[in-house]
Structure formats: structure tokens, C-alpha cells
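Right, one structure below, let's go through it.
Below you can see the structure in the form of C-alpha cells.
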């Protein structure tokens with residue numbers, strides 16, 4: 116009769132338990148494992164075309180105002196449908212007050228996990244109602260609207276060529292830019308980022324848990340780019356962005372891959388609290404980052420050309436679109452956006468506040484604490500099972516002696 120070797124089986128169980136947390140540990144360390152040399156080599160192969168993206172900005176502006184429920188909004192959705200062939204597109208319709216809202220979601224590599232969401236709003240504001248505006252007709256939304264959409268469309272063109280092994284979602288939100296409107300002027304005011312809020316409400320918990328990162332691109336076409344760190348946000352996503360930007364020559368006084376000093380495009384030491392499409396996903400625990408130039412035509416935050424009749428195509432640069440697009444593409448090629456779902460979110464309540472609409476402080480659960488709690492649980496289980504296993508071995512051996 117073959118004797119059942121309990122020691123060997125218990126050892127195998129203990130080894131499995133010890134290894135189980137390694138998956139999350141690998142996700143946390145993924146970014147640091149990528150060498151600068153590999154990043155620099157990859158930069159040479161980037162294919163995002165800023166001229167094509169800029170052409171898209173022109174084509175969108177030619178549609179007229181893309182306010183919710185308008186003819187221009189419908190034309191924009193048909194435009195997305197035409198330019199994203201090969202992607203799985205869905206139109207998600209909602210009603211808010213008198214406004215018909217339609218989000219558009221395009222999916223590639225459906226079901227492959229580690230979802231990376233790239234998001235931009237396509238609506239334009241109903242009124243150019245900034246205090247700096249000379250009229251109250253709808254703005255063109257060349258930068259605030261068309262630039263983010265153009266970047267997502269160009270990424271949508273090249274993503275099928277990248278051979279990615281995870282799911283990508285391009286989300287084009289409606290009704291991001293309709294907050295704080297004066298309804299006495301025959302317009303409908305709804306909360307900021309309503310489209311994004313509706314998109315989040317449509318997600319299952321399984322989908323939320325499966326999203327590795329969500330990156331919003333908004334107002335990224337300004338000829339004079341000036342990106343800071345917007346919060347709420349995921350710290351690791353911003354750390355990755357700053358690292359990639361540095362090597363691409365987009366961080367002032369830092370050397371790029373060629374040893375040249377970079378230009379002042381990204382500076383994550385400049386922190387501002389912004390209400391945008393990233394806030395609703397952040398509030399349900401999705402790791403988010405909002406790349407937005409909040410100093411558009413001015414040194415002041417949310418001033419200059421923002422929400423004025425001056426948000427026109429002549430303010431948008433193909434070079435600026437290409438810089439941002441290539442940075443996002445670089446992170447995709449290296450798998451850096453799909454490995455950040457076990458990192459910490461940051462509310463940074465002590466930072467300066469800049470917001471389209473005041474929002475109350477939200478209690479933000481720190482994902483690193485969750486990870487530590489999970490490790491502690493595994494350690495407890497390890498000790499418990501080891502103790503039980505030892506007692507079982509002693510009991511079995513005594514039984515064998517009888």
C-alpha cells in the first residue's frame with residue numbers, strides 16, 4: 116500500500132498561498148521594471164500623426180456646434196462611426212432634463228482583460244459665456260471638445276497595428292461641458308461631466324474592477340501647451356506620464372533620450388483640482404488621470420480662450436496634438452497603462468483648487484491600503500494553515516505508529 120505523504124501535500128498548499136499575492140506585486144512593480152533604454156528605443160517607432168489629428172479638428176469644427184441633441188452632435192457621431200471601422204461601437208442614450216445625451220463607446224480586443232479606457236468629450240458648450248467672451252453664441256470648441264476627440268480617433272487608427280494583448284475602450288462622452296449655464300438665456304444647465312456620470316452608472320462592478328486605467332484627454336491642442344497634475348487622480352499614472360514626458364523632451368530642464376534639455380510641457384509639481392470627466396470614474400474606484408491644459412491662452416487657470424468665441428481652429432497645433440498622442444501611444448506600446456490598477460489614488464486636499472464647479476471632498480479609499488490588507492490576510496491564512504497542517508502531520512504520524 117502506498118503511503119499518503121501528507122508533508123509533501125501540505126508544503127505544496129503553503130507554497131501556493133505564499134505565491135498568490137505575487138500578481139498584484141508584479142503590477143505595482145511593472146513600471147519600474149521598464150528600463151529607460153527600452154522607452155527610448157520605443158519612441159523611435161511611434162506613429163501617431165498630429166497632422167491627421169489636426170485635420171480632424173477642422174472637420175469637427177466644420178460641423179458647427181456639437182451641443183447635446185443638435186444636428187452637429189448627430190453629425191459627429193456619424194463621423195465617429197465612419198472613422199472607427201473595425202471597432203465595436205455602441206451608442207448609449209440618456210435623457211437629462213430637456214437634453215438628449217448620447218455617449219459613444221468603441222471597443223477593441225473585447226474580453227481580453229486589463230481594460231484601458233481613453234476618454235474625451237465631444238460636446239461643445241451651449242454658450243460662450245466666459246466673462247472674457249464678447250458674445251454668447253456657441254463656441255467652436257476647437258480645443259475644448261474637438262482636440263480630445265481628434266486624438267482618440269488617431270489613436271483608434273493606430274491601435275489595431277500595435278498588437279496589444281488587452282482590451283481598449285475609446286469613450287466619447289456627451290454633456291461634459293454644460294454646467295453652470297444661465298437658463299434665463301434659453302439654455303439648459305446640467306451638472307458638469309453628466310455624460311461621464313451616466314457612462315459610469317452603466318458599468319457593472321466586474322467592468323469597474325477590470326479597468327486598469329482611465330485617461331481623459333481634454334484641451335490638448337493649444338499651441339502653447341502647459342500641463343500640470345490634475346486631481347483627483349492616480350499617482351502612479353501621473354508618475355508614469357512624467358517619466359515618459361521627460362524622456363520625450365517634454366519636461367523643462369530634464370534631459371531627454373538624446374541628452375537634450377526638454378521644453379516646459381509637463382510639470383506634475385503644479386497641482387490643481389479640476390472637475391472633468393475623470394471625476395465620476397474616480398469616485399467608483401477606477402484609476403484615473405486627466406491630461407488637460409487649463410491655461411488655454413492665459414497664465415490664469417480656466418481663463419483666456421476657454422468658453423469664449425476665440426476657441427477656434429487657429430489656436431490648435433498639430434505639433435501639440437502629436438506630443439500628447441505619442442505620449443499616450445508610448446504608454447500603450449510599453450504596457451504601462453495596463454499595469455496600474457493596484458496603485459494609489461490621490462485626492463491631495465492641500466493642493467490649490469481650480470474647478471469648473473465646486474465639488475465636495477470625497478472620502479477616497481487608498482488602494483495601497485487595500486493591497487496591504489490583502490497581504491495581511493494571506494499572512495494570517497498562512498500561519499493558520501501552517502499550524503493546522505503541523506497538528507495534522509503529528510496526528511497522522513501517531514496514528515501510523517499504532
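Numbering (my numbering), first residue to last: 116 to 517.
Note that beta-carbon positions come from the ideal geometry of N, C-alpha and C, so glycine has one too.
If I follow the unbroken beta strand (DSSP E) through residue i, where does it start and stop?
{"i": "residue 193", "result": "Note, residue 193: premise wrong, no beta strand (DSSP E); alpha helix (DSSP H) at 186 to 198."}
{"i": "residue 203", "result": "203 to 211"}
{"i": "residue 236", "result": "230 to 236"}
{"i": "residue 442", "result": "Residue 442 -> not in any beta strand (DSSP E); alpha helix (DSSP H) instead, spanning 433 to 448."}
{"i": "residue 286", "result": "283 to 288"}
{"i": "residue 406", "result": "403 to 407"}
{"i": "residue 423", "result": "Unbroken run through residue 423: none, as it is neither H nor E."}
{"i": "residue 216", "result": "214 to 223"}
Give me the Cα-Cα distance between residue i and residue j, rounded to the nearest whole angstrom.
{"i": "residue 166", "j": "residue 440", "result": "11 Å"}
{"i": "residue 250", "j": "residue 425", "result": "10 Å"}
{"i": "residue 237", "j": "residue 209", "result": "15 Å"}
{"i": "residue 503", "j": "residue 226", "result": "40 Å"}
{"i": "residue 454", "j": "residue 345", "result": "21 Å"}
{"i": "residue 381", "j": "residue 257", "result": "21 Å"}
{"i": "residue 401", "j": "residue 349", "result": "9 Å"}
{"i": "residue 244", "j": "residue 286", "result": "27 Å"}
{"i": "residue 389", "j": "residue 407", "result": "9 Å"}
{"i": "residue 242", "j": "residue 174", "result": "21 Å"}
{"i": "residue 452", "j": "residue 352", "result": "7 Å"}
{"i": "residue 500", "j": "residue 447", "result": "41 Å"}
{"i": "residue 442", "j": "residue 363", "result": "8 Å"}
{"i": "residue 153", "j": "residue 164", "result": "22 Å"}
{"i": "residue 157", "j": "residue 360", "result": "13 Å"}
{"i": "residue 230", "j": "residue 325", "result": "6 Å"}
{"i": "residue 427", "j": "residue 148", "result": "42 Å"}
{"i": "residue 300", "j": "residue 306", "result": "17 Å"}
{"i": "residue 367", "j": "residue 343", "result": "12 Å"}
{"i": "residue 298", "j": "residue 444", "result": "41 Å"}
{"i": "residue 271", "j": "residue 329", "result": "15 Å"}
{"i": "residue 456", "j": "residue 323", "result": "With a pLDDT of only 42 at residue 456, under 50, the local geometry of the prediction cannot be trusted, and the value read off the model is given with reservation. Rounded to whole angstroms, residue 456 to residue 323 spans 11 Å at the Cα level."}
{"i": "residue 247", "j": "residue 404", "result": "29 Å"}
{"i": "residue 379", "j": "residue 341", "result": "7 Å"}
{"i": "residue 187", "j": "residue 253", "result": "12 Å"}
{"i": "residue 309", "j": "residue 295", "result": "12 Å"}
{"i": "residue 538", "j": "residue 291", "result": "Any answer about residue 538 is impossible in this case: the structure gives the chain only from 116 up to 517."}
{"i": "residue 526", "j": "residue 434", "result": "This structure cannot speak to residue 526, because the chain is shown only from 116 to 517."}
{"i": "residue 194", "j": "residue 414", "result": "34 Å"}
{"i": "residue 429", "j": "residue 410", "result": "17 Å"}
{"i": "residue 155", "j": "residue 170", "result": "28 Å"}
{"i": "residue 284", "j": "residue 217", "result": "16 Å"}
{"i": "residue 347", "j": "residue 303", "result": "27 Å"}
For residue i, count the other beta carbons within 10 Å of its own beta carbon; 16 or more makes it buried, fewer makes it exposed. Which is it?
{"i": "residue 498", "result": "exposed"}
{"i": "residue 386", "result": "buried"}
{"i": "residue 142", "result": "For residue 142, the predicted model reports a pLDDT of 35, less than 50, meaning its position is unreliable; a value from the coordinates is still stated below. Counting Cβ neighbours within 10 Å, residue 142 comes out buried, since at least 16 surround it."}
{"i": "residue 212", "result": "exposed"}
{"i": "residue 206", "result": "exposed"}
{"i": "residue 320", "result": "exposed"}
{"i": "residue 370", "result": "exposed"}
{"i": "residue 293", "result": "buried"}
{"i": "residue 338", "result": "exposed"}
{"i": "residue 480", "result": "Here residue 480 scores only 37 on pLDDT, less than 50, and its place in the model should not be relied on; the value that follows carries that caveat. Flag for residue 480 reads exposed."}
{"i": "residue 276", "result": "exposed"}
{"i": "residue 159", "result": "exposed"}
{"i": "residue 278", "result": "exposed"}
{"i": "residue 317", "result": "exposed"}
{"i": "residue 177", "result": "exposed"}
{"i": "residue 144", "result": "In this predicted model, residue 144 has a pLDDT of only 48, less than 50, meaning its place in the structure is not dependable enough to derive any value."}
Determine, using beta carbons only, whether residue i comes closer than 7 Å to chain C.
{"i": "residue 287", "result": "You won't find chain C in this structure, because it holds only one protein chain."}
Indicate whether residue i and residue j have their beta-carbon atoms separated by less than 7 Å.
{"i": "residue 431", "j": "residue 393", "result": "no"}
{"i": "residue 315", "j": "residue 264", "result": "no"}
{"i": "residue 189", "j": "residue 228", "result": "no"}
{"i": "residue 183", "j": "residue 289", "result": "yes"}
{"i": "residue 383", "j": "residue 357", "result": "yes"}
{"i": "residue 377", "j": "residue 365", "result": "yes"}
{"i": "residue 172", "j": "residue 235", "result": "no"}
{"i": "residue 108", "j": "residue 162", "result": "This structure cannot settle anything about residue 108, because the visible part of the chain is limited to 116 through 517."}
{"i": "residue 396", "j": "residue 312", "result": "no"}
{"i": "residue 420", "j": "residue 240", "result": "no"}
{"i": "residue 219", "j": "residue 203", "result": "no"}
{"i": "residue 267", "j": "residue 198", "result": "no"}
{"i": "residue 436", "j": "residue 168", "result": "yes"}
{"i": "residue 181", "j": "residue 191", "result": "yes"}
{"i": "residue 391", "j": "residue 333", "result": "yes"}
If you follow the alpha helix (DSSP H) that residue i is part of, which residue opens it and which one closes it?
{"i": "residue 264", "result": "263 to 273"}
{"i": "residue 156", "result": "151 to 158"}
{"i": "residue 169", "result": "165 to 176"}
{"i": "residue 394", "result": "394 to 398"}
Length at least 4, wholly inside the region 307 to 381: the alpha helix (DSSP H) runs in chain order: 309 to 316, 320 to 325, 350 to 362
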